[in-house]
DNA sequence: AGCAATTTTGCAAGCGTTTGCAATAAAAAA
DNA sequence: TTTTTTATTGCAAACGCTTGCAAAATTGCT
């Protein structure tokens with residue numbers, strides 16, 4: 133790699149190796165019908181000239197771009213970070229690069245989707261909760277490889293990776309119940325999202341199965357963000373008969389809850405137990421460390437990436453929907469309610 | 133955008149609009165010498181056909197790729213996330229896309245650098261602390277636009293964005309001193325890095341200027357990671373005469389410190405004050421919330437992106453080095469040492 | 001109306017690869 | 001040997017776009 137010149141092309145390599153450029157191309161793309169001695173000569177020339185393939189040209193000429201698009205709502209989330217890490221890890225095993233799009237960009241999601249299909253990427257990973265199903269159809273029609281992460285295609289005709297939201301929530305509530313809580317506040321996620329729906333459903337089911345009445349005031353609307361978590365918690369704490377535990381639909385809003393609890397001069401878990409959902413890295417950083425339902429986000433990213441690559445390299449593979457289990461991670465933010473406290477509220 | 137077909141090319145648009153393909157190209161790339169009526173006709177055709185430009189082809193033909201490369205060590209850092217957010221925000225104002233590379237990938241950093249110069253990106257943002265200066269030279273030689281973030285080119289011939297590490301550390305130590313601390317433990321960052329060096333230097337300078345002796349045992353080596361922060365803190369706490377405050381070179385290691393302190397049955401800030409550096413989002417999430425030196429990471433990303441774009445669009449712009457100020461963010465992890473505690477140690 | 005200056009438009013030649021097809025060389029079979 | 005078969009290699013034609021150059025229109029002045 134002595135000569136590092138921008139303009140070393142396949143032709144230069146061909147000349148250097150004394151073969152035709154198509155032979156060089158074949159060697160480079162791992163074609164089999166090349167004599168070993170020739171291959172070696174080409175490789176040597178490549179090395180000597182410091183040649184690097186021009187991806188753009190390669191993909192224009194019909195090859196693959198070697199790029200995978202990742203469409204996410206934003207980077208300020210923790211949650212996305214974990215997924216991205218998983219994706220990145222998986223991609224590092226293959227030779228794909230990652231092109232990141234955040235939908236807060238000015239143009240519409242749909243236009244990104246389209247853009248990618250135009251040669252920019254070989255496939256796309258969608259972590260776009262609020263998706264307008266519209267462009268998913270576009271992708272499918274064009275037969276462009278894509279995988280949804282933590283969201284589902286209502287029509288069920290897309291490859292997707294998600295987790296057992298409902299069951300996770302069910303277990304969390306069951307856990308709280310088991311600790312002796314009888315009044316459990318629930319803060320929903322953004323209800324347009326399937327995952328938010330399922331978590332609520334799981335919670336309700338657990339209550340029902342335990343023969344507990346559901347009280348409307350105990351269900352407060354949130355949006356998966358911290359601020360709304362704080363405010364929903366305030367509403368819960370202001371109730372004439374406040375809950376002894378609060379189940380927030382994700383960790384971020386659980387953090388808001390913890391803050392609100394503290395602002396009310398109460399202590400977690402002493403006065404109020406708090407449980408979250410996701411298990412983002414911060415969950416074990418807060419104090420007290422948050423008990424939460426772990427969604428294997430990085431694993432989801434990894435699997436999605438794998439699914440996508442399979443689909444890219446083998447286009448007629450049927451779509452697949454992988455659902456990962458969640459698990460309750462018990463840390464220090466929950467405990468049994470005090471008897472006195474309970475009595476007080478009777 | 134009724135017909136969404138993969139293969140709508142500039143030629144189709146030209147036919148539809150009844151003009152030549154070069155005219156279409158000119159309209160699309162904002163060339164001026166086009167009659168208004170023609171432009172309109174073309175734009176209509178584009179709309180009608182749902183045409184989307186093929187970036188690969190465009191960039192092959194000599195245009196720009198419209199992609200900016202971002203080379204980072206990994207995504208598991210919080211620190212990187214903030215920078216990336218800033219970059220992303222800035223990019224969203226322009227029309228560049230972001231291609232993400234993590235160096236933990238198998239190939240070497242240098243090969244990525246090369247790859248990008250081959251048409252894949254128009255410029256690159258480097259957040260690669262441990263950089264071997266080698267490929268920076270490669271980039272410079274090829275006159276390929278790049279900007280360093282939170283790191284400096286020893287030879288000082290690169291555009292870069294960093295912050296006043298030294299001064300930030302100076303102020304932090306001064307603050308601790310002002311609170312009455314006389315024995316301050318310091319946990320370094322990875323000393324290969326300039327920023328780690330500077331933070332240590334700032335700390336030492338503050339001690340010196342305050343007429344304080346520097347005690348070797350109080351300086352422990354860390355590496356900017358949590359685990360090492362924990363262990364360095366243990367070493368500090370095991371000292372015959374342990375410090376009353378610990379200054380960790382970044383927030384991540386400060387978290388490790390807090391953990392260690394807790395593991396020793398002590399309380400932050402009651403028994404030991406802890407101060408960090410960076411102010412990553414988690415800093416205000418931990419309990420007690422971490423007092424730290426704020427480095428405007430997102431702003432650094434934003435500025436770096438801007439610098440890079442300027443450089444791309446105006447190649448003979450001189451290189452620039454922007455250094456942002458840091459600021460002390462006082463939260464709850466520091467307080468004055470107890471007199472009794474101090475006496476105990478006299 | 002005639003001519004120069006200026007604005008618009010179109011043609012053709014790439015950009016660096018991949019790949020189908022055909023030609024050549026080598027190996028196997030007859 | 002000669003004929004088949006199979007392995008190697010080269011040529012040429014895309015891929016979809018940008019851009020220099022030249023031709024065609026238009027406009028402004030005499």
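Chains as they are written, first to last, in the numbering used here: chain A, 133 to 478; chain B, 133 to 478.
Ideal placement from N, C-alpha and C gives every residue a C-beta, glycine not left out.
C-beta neighbour in chain B for residue i, strict 8 Å
| i | result |
| --- | --- |
| residue 191 of chain A | yes |
| residue 196 of chain A | no |
| residue 419 of chain A | yes |
| residue 213 of chain A | yes |
| residue 443 of chain A | no |
| residue 178 of chain A | no |
| residue 284 of chain A | no |
| residue 414 of chain A | yes |
Alpha-carbon spacing of residue i relative to residue j, whole angstroms
| i | j | result |
| --- | --- | --- |
| residue 233 of chain B | residue 280 of chain A | 22 Å |
| residue 388 of chain B | residue 271 of chain A | 46 Å |
| residue 298 of chain B | residue 327 of chain B | 8 Å |
| residue 230 of chain B | residue 199 of chain A | 12 Å |
| residue 134 of chain A | residue 180 of chain A | Any answer about residue 134 of chain A is weak, because its pLDDT of 33 lies below 50 and its placement is not dependable; what the coordinates show is given next. Each residue's Cα considered, the two are about 6 Å apart. |
| residue 142 of chain A | residue 157 of chain A | 7 Å |
| residue 459 of chain A | residue 425 of chain A | 6 Å |
| residue 136 of chain A | residue 268 of chain B | Here residue 136 of chain A scores only 40 on pLDDT, less than 50, and its place in the model should not be relied on; the value that follows carries that caveat. Cα to Cα, residue 136 of chain A sits roughly 13 Å from residue 268 of chain B. |
| residue 363 of chain B | residue 392 of chain B | 8 Å |
| residue 224 of chain A | residue 190 of chain A | 21 Å |
| residue 151 of chain A | residue 445 of chain A | 30 Å |
| residue 166 of chain B | residue 144 of chain B | 19 Å |
| residue 418 of chain B | residue 398 of chain B | 16 Å |
| residue 370 of chain A | residue 395 of chain A | 12 Å |
| residue 163 of chain B | residue 441 of chain B | 20 Å |
| residue 431 of chain A | residue 341 of chain A | 31 Å |
| residue 379 of chain B | residue 386 of chain B | 8 Å |
| residue 273 of chain A | residue 285 of chain A | 14 Å |
| residue 194 of chain B | residue 438 of chain A | 34 Å |
| residue 469 of chain B | residue 294 of chain A | 50 Å |
N-terminal and C-terminal residue of the beta strand (DSSP E) that residue i is part of
| i | result |
| --- | --- |
| residue 426 of chain A | 423 to 426 |
| residue 276 of chain B | Where residue 276 of chain B is concerned, there is no enclosing beta strand (DSSP E), given that its DSSP letter is neither H nor E. |
| residue 292 of chain A | 291 to 295 |
| residue 470 of chain A | It is not in any beta strand (DSSP E) - residue 470 of chain A carries neither H nor E in the DSSP assignment. |
| residue 317 of chain B | 316 to 319 |
| residue 232 of chain B | 229 to 234 |
| residue 154 of chain A | Counting along the chain, residue 154 of chain A falls outside any beta strand (DSSP E), though it belongs to the alpha helix (DSSP H) covering 153 to 160. |
Contact belief for residue i with residue j at Cβ below 8 Å, rounded distance in angstroms
| i | j | result |
| --- | --- | --- |
| residue 318 of chain A | residue 335 of chain A | 5 Å |
| residue 412 of chain A | residue 466 of chain A | So it is not a contact: roughly 18 Å between Cβ atoms. |
| residue 376 of chain A | residue 315 of chain A | 6 Å |
| residue 351 of chain B | residue 305 of chain B | About 12 Å; that fails the 8 Å criterion. |
| residue 353 of chain B | residue 390 of chain B | Contact flag wrong, Cβ pair sits at about 19 Å. |
| residue 247 of chain A | residue 178 of chain B | Their Cβ separation, rounded to whole angstroms, is 14 Å, which puts residue 247 of chain A and residue 178 of chain B out of contact at 8 Å. |
Any chain A beta carbon closer than 8 Å to residue i
| i | result |
| --- | --- |
| residue 142 of chain B | no |
| residue 96 of chain B | Look at the range of chain B in this structure, 133 to 478, and you will see that residue 96 of chain B is not part of it. |
| residue 234 of chain B | yes |
| residue 208 of chain B | yes |
| residue 187 of chain B | yes |
| residue 184 of chain B | yes |
Extent of the continuous alpha helix (DSSP H) run through residue i
| i | result |
| --- | --- |
| residue 362 of chain B | 358 to 369 |
| residue 251 of chain A | It is not in any alpha helix (DSSP H) - residue 251 of chain A carries neither H nor E in the DSSP assignment. |
| residue 335 of chain A | 326 to 341 |
| residue 185 of chain B | Here residue 185 of chain B belongs to no alpha helix (DSSP H), and DSSP marks it neither H nor E. |
| residue 218 of chain A | 211 to 225 |
| residue 388 of chain A | 383 to 395 |
message: Any C-beta of chain B within less than 7 Å: which residues of the stretch 243 to 263 of chain A qualify?
response: Listed in chain order, the positions of the stretch 243 to 263 of chain A with a beta carbon within less than 7 Å of a beta carbon of chain B are 246, 247, 249, 250, 251, 252.
- prompt: When you check each C-beta in the stretch 383 to 405 of chain A against every C-beta of chain B, which residues fall closer than 7 Å?
  reply: In summary, the residues of the stretch 383 to 405 of chain A whose CB is separated from some CB of chain B by less than 7 Å are 387, in the order they occur in the chain.
- request: For the stretch 146 to 159 of chain A, enumerate the residues whose C-beta is nearer than 7 Å to any C-beta of chain B, in chain order.
  value: The stretch 146 to 159 of chain A vs chain B, Cβ under 7 Å: nothing.
query: Mind listing which residues of the stretch 218 to 230 of chain A have their C-beta closer than 7 Å to chain B's C-betas, in chain order?
result: Cβ contacts with chain B: 220, 224, 229, 230.
message: Against chain B, which members of the stretch 428 to 439 of chain A pass a CB distance test of less than 8 Å?
response: Nothing from the stretch 428 to 439 of chain A brings a Cβ to less than 8 Å from some Cβ of chain B.
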